[in-house]
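Participant: Protein chains in written order, with the numbering used here: chain A, 4 to 361; chain B, 1453 to 1714; chain C, 40 to 348.
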Amino acid sequence: MIYRENGQFKTSYAADQQIFPIVQDRWAMLLLLVVAFVGVPLLSSEYLFRAIFIPFLILSLAAIGVNLLVGYCGQITLGAGAFMAVGAYAAYNFSIRIDGMPLLGALLLGGLSAAAMGIVFGAPSLRVRGLYLAMATLAAQFFWDWAFLRIKWFTNDAPSGSVSISHLQVMGWPIESPVEKYLFCLTLLAVFALAAKNLTRSSIGRQWMAIRDMDVAAEVIGIRPMFAKLSAFAVSSFYVGVAGALWGFVHLSSWEPAAFSVDRSFQLLFMVIIGGMGSIMGSFFGAAFIVVLPIFLNQMLPWLGELVGLSISTAAVSHAEFMIFGALIVFFLIVEPHGIARLWSTGKEKLRLWPFPH
Amino acid sequence: MMGERVIGDVILDLRNISLAFGGVKALTEISFDVREHEIRAIIGPNGAGKSSMLNVISGVYRPQQGEIVFHGEHFARMNSYKAAKAGIARTFQNIALFKGMSVLDNIMTGRTLMMKANLLQQAFWWGPARREELAHRAKVEEIIDFLEIQHIRKTPVGRLPYGLQKRVDLGRALAMEPRILLLDEPMAGMNVEEKQDMSRFILDVNDQMGTTIVLIEHDMGVVMDISDRVVVLDYGKKIGDGSPDAVRANPEVIQAYLGASH
Amino acid sequence: MAFFLETLIGGLMAGMLYSLVAIGFVLIFKASGVFNFAQGAMVLFAALAMARFSEWVPGWTGVSSPLFANSVAFVLAGIMMFVVAWLIERLVLRHLVNQEGATLLMATLGIAYLLEGIGQGIFGNDIYKIDVGMPKEPVFVLQNVFEGGILINKEDFIAALIAALLVGALTLFFQKTATGRALRAVADDHQAAQSIGIPLNRIWVIVWCVAGVTALVAGIIWGSKLGVQFSLATVAMRALPVVILGGLTSVPGAIVGGLIIGVGEKLSEVFLGPYVGGGIEIWFAYMLALVFLMFRPQGLFGEKIIDRV
């Protein structure tokens, strides 16, 4: 089947407003879901789940959250890691302090706590922007880094802030093996990604983008900057918080505050820049890139080094990683601020017209 | 819809408005009114305070002194949100569209105040959110038809030529279904053909939708042709007010425009 | 009282060091509107270069005098900073003219990663030391006023002196030289400066060079105090609240801001820390700057921005 929309006429606005208005895209999406839910679990090894798929899914969720704020609402954040931490530690506290707290409940409550914190630390955005806001979000980062390390109540008096959680289950189904964890994360991600897509194509999403593109004009048509910005902070932090809780509960199972340091915040921001600001799909690309690149370099560089007779240390690999990330950030900001997602859609656009480009 | 165009009562009354930036006086004790259904023009040389005046009406600037009465409601301190809620819409001199969004989405933002679905409903495209979205989409399509921009509805506005962007800017304001529409140099930088199109749209809006219009324009031909009454500003002060003919005959206005010594 | 004064002076000294890094921020922000998150990476890079060159020079030249080694290393590190500045202008800034502040900020984050990677790739990633002969032993002063006197680190004192000298030199440079005037013109208005024939690109290179040199000085001082290691890059994070507090466009602001933050951190840590578990220095500075920001967004000495539509 050639990628074409010829002959696909829309007879209602409802049909035109679908997420994937082109039939081929819908099939592709369905295929992707089948592969993700059935194919991957059947074919993958435990290593792939632990090292790639589960981190990818969770970081994608976090990247979607950051993208809603940075890409859609135009508010910069350098403190996403802190909101992951808030989500993780809040979920932890809800699950150990309340008897019989179900896993999903703890995760969602963790997300809600992060959302509340997002509103608090997002409040400066009403008065300041750009790097001043960056500073406010960094303040959140350093404050929570400190709080989870030093305030013992948060970690149930565990030394060094290290906490752990085990025996995860959802309504009697255990979430223990890598496959179960993978499917659990995948299901959550699918629901949350769909919700994010819906938000961005409804009134609230348009309000965010309006604030991003031209805030004075947005106010004049009746958009309240306070509502738009704080709702973006809240929703974004909610996503990031749930991702943080998943990272702690499902991926790490025991963790300490360093898991959510400022480096994590930068990493999330980089995913959004590389993947594509203002694109839900871009969040996936960015997360995939950031998860896979270090593994790829770790395998490839020593091998390449051997070819030319050099031995490449792990330190050198990590330096190369730094350099490549740095260079890519600069490259994408200069050449394609909409990231891999835009490259993707440009490619699709070409394909739609191929082989007659005019 | 076509009816006799009847100029009604005063809908917008500006009383003694003064505005200053630091020590610079932009507007000094300006009063004038706008009647329902009329087309009211504000003219004056560059830097006369015309845009400041629109910014005061739409709540972007807060005047130090004065009062705005709109539809019988008194506003000592107008802000953008209150203005939008009351039914005041505007366009911008240097197009202020949302560059990253499509034409359709830009115009849809004009409906924001009328959309009531909550966040959760929107997130799950739930009944009310979905119905609302479709209903407003239909309204917006009417505006798109009216402005003859069907072919570009999915195009990001950043890619459009200037003249079309101006039209989208107008569309976004119209989507608010305003009682009064403020147009800040809607024809600046256009060629003759585009100006004719824009004039036609403005007259149609006024005629068919009964919208009151306040506009700033430099092209005197257009102003004299389409407006019912004209206010003339110079150096932040009002120097003339009346029908186009009366204003044209006003010696102070002539002096301001010919640049005689002050 | 003596203890309080000691803490205060310790804070002032630390503050001076923050100021050094902060000045680098301010210079670049003034001239190019870029908030340079890579300033910390530049400090690390410069310090690494200095440490390693001073180690390698005796081997290369056969001259074992530490003075000689340090001087050559200083020159070489300075040259490297010039090259870095030139490359940044060439490869990054030039292509991002007229972009939004947030985009530029993210770009400098990219530069920071790049510099950290390259710096450690070339110079290694262990802990190195810089020994430029700074005295390490503490001295007691004011013994006749207080019992036991006040303990001061000579090293801190010299560092503060160097910082003050650097600031003086920068001020002279800005006020008295033609390049300095051009810099101020560019800071005021890019387009106007360009239209009277000031070459924008060259000015940017110069500013980044100057910022590179301040990074080098800061790197040497911090490095000889704490050793050269990766964590040096994080001084940028410590200096961020300083510039916010002092005002982004003001060199005096960077100094005063640095002192306030330095003192605030130390005092809060000593007098408030014990009640809340300690380690509050880092976020305390941020909270201080943040609270301040709410009331005076342009900082202590920054220029007020008036938005006109």
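For each residue, glycine too, the CB sits at the ideal point set by N, CA and C.
Whole-angstrom Cβ separation of F68/C and T288/C, contact assumed at under 8 Å?
Facilitator: Confirmed, about 6 Å.
Participant: For Q270/A, count neighbouring Cβ atoms within 10 angstroms of its own Cβ and tell me buried if that reaches 16, exposed if not.
Facilitator: Buried, since its Cβ has 16 or more Cβ neighbours within 10 Å.
Participant: Any chance you could list the alpha helix (DSSP H) runs of at least 4 consecutive residues sitting entirely within the stretch 196–268 of chain A, in chain order?
Facilitator: The qualifying runs are 206–216, 218–223, 228–249.
Participant: In whole angstroms, what separates the C-alpha of H3/A from that of L51/A?
Facilitator: One cannot answer for residue 3/A here, as it falls past the ends of chain A, which runs 4 to 361.
Participant: Tell me, to the nearest whole angstrom, how far the beta carbon of D1686/B is from that of A1708/B; I am working on the premise that it is less than 8 Å.
Facilitator: Yes, they are in contact, since the Cβ atoms of D1686/B and A1708/B sit about 4 Å apart, within 8 Å.
Participant: Please state if the CB of V182/A and the CB of L107/A are separated by a distance shorter than 8 Å.
Facilitator: Result no, Cβ atoms of L107/A and V182/A do not sit closer than 8 Å.
Participant: With burial defined as no fewer than 16 other Cβ atoms inside 10 Å of the residue's Cβ, what is the status of R129/C: buried or exposed?
Facilitator: Burial call: exposed.
Participant: How about the stretch 162–170 of chain C and the stretch 261–271 of chain C: do they share at least three Cβ pairs that are nearer than 8 Å?
Facilitator: Short answer: they touch.
Participant: Suppose you measure from the CA of D19/A to the CA of L189/A; what does that come to, to the nearest Å?
Facilitator: Those two C-alpha atoms are separated by around 28 Å.
Participant: Taking the beta strand (DSSP E) that K1477/B falls in, what are its first and last residues?
Facilitator: K1477/B -> beta strand (DSSP E) spans 1476–1487.
Participant: Out of H1526/B, G1499/B, S1532/B, which one is the CA nearest neighbour of Y1513/B?
Facilitator: The option with the nearest alpha carbon to Y1513/B is S1532/B.
Participant: Please compile the residues from chain C whose C-beta is within a distance smaller than 9 Å of the C-beta of P127/A.
Facilitator: By Cβ distance, chain C contributes L329, L332, M333.
Participant: DSSP three-state label for H341/A, please.
Facilitator: Correct three-state label for H341/A: coil.
Participant: With a threshold of 7 Å (Cβ to nearest heavy atom), would G125/A be considered close to the ligand MG?
Facilitator: The ligand MG is absent from the structure shown, which contains no ligands of any kind.
Participant: Consult DSSP for N1546/B and reduce its assignment to one of helix, strand or coil.
Facilitator: Residue state, collapsed to three classes: coil.
Participant: Can you tell me the Cα-Cα spacing of W322/C and L332/C, whole angstroms?
Facilitator: Going by the C-alpha atoms only, they are around 15 Å apart.
Participant: With three or more C-beta pairs closer than 8 Å as the rule, is the stretch 1470–1481 of chain B touching the stretch 1605–1613 of chain B?
Facilitator: These segments do not touch.
Participant: So is A323/A in contact with chain C if we call contact Cβ pairs under 8 Å?
Facilitator: At least one chain C Cβ lies under 8 Å of A323/A.
Participant: I need the boundaries of the beta strand (DSSP E) containing Q1517/B, first residue and last residue.
Facilitator: That run of the beta strand (DSSP E) goes 1517–1522.
Participant: Decide if W247/C is buried, meaning its Cβ has at least 16 other Cβ atoms within 10 Å, or exposed.
Facilitator: Under this definition W247/C is a buried residue.
Participant: Which class does F179/C belong to by DSSP, given the choice of helix, strand or coil?
Facilitator: Residue state, collapsed to three classes: strand.
Participant: Starting from the N-terminal side, write out each stretch of the alpha helix (DSSP H) that is 4 residues or longer and does not extend beyond the stretch 1573–1639 of chain B.
Facilitator: Within the stretch 1573–1639 of chain B, the complete alpha helix (DSSP H) runs of at least 4 residues are 1579–1598, 1614–1626.
Participant: Along the chain, where does the alpha helix (DSSP H) containing D19/A start, and where does it finish?
Facilitator: Here the alpha helix (DSSP H) through D19/A covers 16–19.
Participant: Which residues bound the alpha helix (DSSP H) around R100/A?
Facilitator: Looking at the DSSP string, the run of the alpha helix (DSSP H) that includes R100/A is 83–100.
Participant: Check whether chain C comes within 8 Å of M120/A, counting only Cβ atoms and requiring the distance to be less than that.
Facilitator: Cβ-Cβ to chain C under 8 Å: no for M120/A.
Participant: Is Y152/C closer than 8 Å to F1/A when the C-beta atoms are compared?
Facilitator: The shown model of chain A, from 4 to 361, leaves out residue 1/A, and the question about it has no answer.
Participant: For S1470/B, name the three-state secondary structure that DSSP assigns.
Facilitator: It is a strand residue.
Participant: Going by beta carbon distance, what residues of the same chain come within less than 8 Å of S1651/B, once the five residues before and after it are set aside?
Facilitator: The residues are M1639, V1674, D1677, I1678.
Participant: Which same chain residues, not among the five before or five after A146/C, have their C-beta less than 7 Å away from its C-beta?
Facilitator: For A146/C, where only same-chain residues beyond five positions count, the Cβ hits under 7 Å are V131, L135.
Participant: Counting only Cβ pairs nearer than 9 Å, list the residues of chain A close to T142/C.
Facilitator: Correct list: L336, P340.
Participant: Give me the chain A residues within the contact set of G1552/B, using Cβ-Cβ distance strictly less than 8 Å, ordered along the chain.
Facilitator: Simply M212, R215, D216, G281.
Participant: By the 8 Å beta-carbon criterion, what residues does the stretch 240–260 of chain A contribute toward chain B?
Facilitator: Of all residues in the stretch 240–260 of chain A, none has a Cβ within less than 8 Å of some Cβ in chain B.
Participant: Under 8 Å, Cβ to Cβ, is there at least one residue of chain A near L1710/B?
Facilitator: With 8 Å as the cut-off, L1710/B does not count as an interface residue toward chain A.
Participant: Under 8 Å, Cβ to Cβ, is there at least one residue of chain A near F1544/B?
Facilitator: Yes, because at least one Cβ of chain A sits closer than 8 Å to the Cβ of F1544/B.
Participant: Could you check what DSSP says for S1554/B in three-state terms: helix, strand or coil?
Facilitator: The answer is strand: DSSP assigns S1554/B an E or B state.
Participant: Closest by CA to G1460/B, which one among E1488/B, N1468/B, A1472/B, S1470/B?
Facilitator: Per the Cα distances, E1488/B.
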